[in-house]
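K.L.:
Mind having a look at this structure? Questions to follow.
Residue numbers (UniProt numbering): 1 to 303.
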């Protein structure tokens, strides 16, 4: 079950007008794949943002001790990052990214894992902009306009919402991954099938045995938004299942993955929005699998 909710641009603007007690803080979490050679942090400072937004850097507020790109931060790392942004536990956070729906679900997931409430996912910035709602285009020099706080999260839900490499490895080696879980990979079909390169140089494409492709782009609609209702989202997912010959067993829990744990959160959000419960994230995803799995398993990554 998702711990954050989708919010339309219209509902977001209404929330800004109605909320008179708590601060409503937009959270820009724009991040791009390395091959696109774009910088979300730089664009936040120099291009445009929703007024009063802070910038949540998923390349920084993470487990900096891990060799893998976007592993969930420790509670200490999370608290430090939130404090530096000037966020308090009473703030209403509305997360977005300038792509539309890409890195924002990862940020919303991270915020929720450490108990921040409420958290909303704006659906989405492109529609907000198209509707003519306010934008701040002044050049900035800092990633937050708020004074530093002493943010104190007291819970970390990652252990019960994240699947480890060791768990995936054991399931694959015993031939039980597909038997016990619905496992979906959010990367493109070409990357999943080993026909297209990964965005990281000299990195093999392919997939883990027992997983199924569920490219996140197939779940989005106009302006890279998620469908506007749970019913429409469920219908969209079912159509993608059919197109890809995917299966879904409602009696099994579900695991989502991708390249580094970012776009998997898009699929997780969509599945949960459609009413599917017990969806966990393989945080290390394809990057960790390639770097850690035994040669014989990696050689069979195109089954």
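All residues carry an ideal CB built from backbone N, CA and C; glycine is no exception.
Here the structure is a predicted model, which means the values were calculated and not measured.
Going by DSSP in three states, residue 33 sits in which element: helix, strand or coil?
P.N.:
In the chain shown, counting from the first residue as 1, residue 33 sits at position 33. Coil at residue 33, not helix or strand.
K.L.:
According to the Cβ coordinates, are residue 73 and residue 89 closer than 8 Å?
P.N.:
Counting from one through the chain shown, the residue named residue 73 turns up at place 73. Counting from one through the chain shown, the residue named residue 89 turns up at place 89. Contact: no.
K.L.:
Count the other C-beta atoms from every protein chain shown that fall within 10 angstroms of the C-beta of residue 150, then say buried if there are 16 or more, exposed otherwise.
P.N.:
Locating residue 150 in the chain shown gives position 150, counting from the first residue. So residue 150 counts as exposed.
K.L.:
Roughly how many whole angstroms lie between the Cα atoms of residue 98 and residue 4?
P.N.:
As a position in the chain shown, residue 98 is number 98, starting the count at 1. As a position in the chain shown, residue 4 is number 4, starting the count at 1. Their Cα atoms are separated by approximately 19 Å.
K.L.:
Within 10 Å of its beta-carbon, does residue 263 have 16 or more other beta-carbons around it, so buried, or fewer, so exposed?
P.N.:
Position 263 of the chain shown, counted from the start, is the residue given in the question as residue 263. Looking at its Cβ environment, which holds 16 or more other Cβ atoms inside 10 Å, residue 263 is buried.
K.L.:
What residues in its chain sit with their C-beta under 6 Å from that of residue 109, if we drop five residues either side in the sequence?
P.N.:
By one-based count along the chain shown, residue 109 stands at place 109. Closer than 6 Å at Cβ, skipping near neighbours: 265.
K.L.:
Just to confirm, is the Cβ distance from residue 28 to residue 68 under 8 Å?
P.N.:
The count along the chain shown starts at 1 and reaches residue 28 at position 28. The count along the chain shown starts at 1 and reaches residue 68 at position 68. Not in contact: residue 28 and residue 68 (Cβ atoms no closer than 8 Å).
K.L.:
Evaluate the contact criterion for the segment 132–148 versus the segment 187–205: three or more CB pairs, one atom per stretch, below 8 Å.
P.N.:
The segment 132–148 is not in contact with the segment 187–205.
K.L.:
Does the separation of the CB atoms of residue 267 and residue 184 fall below 8 Å?
P.N.:
Position 267 of the chain shown holds residue 267. Position 184 of the chain shown holds residue 184. Against a cut-off of 8 Å, the Cβ pair of residue 184 and residue 267 comes out as a contact.
K.L.:
Can you look up residue 184 in the DSSP assignment and give me helix, strand or coil?
P.N.:
Your numbering for residue 184 matches position 184 in the chain shown. Correct three-state label for residue 184: strand.
K.L.:
Which of the three DSSP states is assigned to residue 295 in this structure?
P.N.:
Stepping through the chain shown from its first residue, residue 295 is reached at position 295. Helix at residue 295.
K.L.:
Just to confirm before moving on: does the CB-CB distance between residue 129 and residue 135 stay below 8 Å?
P.N.:
If you number the chain shown from 1, residue 129 lands on position 129. If you number the chain shown from 1, residue 135 lands on position 135. The answer is yes: Cβ separation under 8 Å.
K.L.:
Which complete beta strand (DSSP E) runs does the UniProt domain "Rhodanese" (177–298) hold, if anything under 3 residues is left out?
P.N.:
Within the UniProt domain "Rhodanese" (177–298), the complete beta strand (DSSP E) runs of at least 3 residues are 182–185, 254–257, 279–282.
K.L.:
Tell me which residues share the same chain as residue 257 and place their Cβ nearer than 6 Å to its Cβ, disregarding the 5 neighbours each side in the sequence.
P.N.:
The residue you call residue 257 lines up with position 257 of the chain shown. Counting only Cβ-Cβ distances below 6 Å, and skipping sequence neighbours, we find 185, 264, 282, 285.
K.L.:
Smallest Cα separation from residue 94: which of 254, 291, 259, 24?
P.N.:
In the chain shown, residue 94 corresponds to position 94, counting from 1. If we check each option's Cα against that of residue 94, 24 comes out closest.
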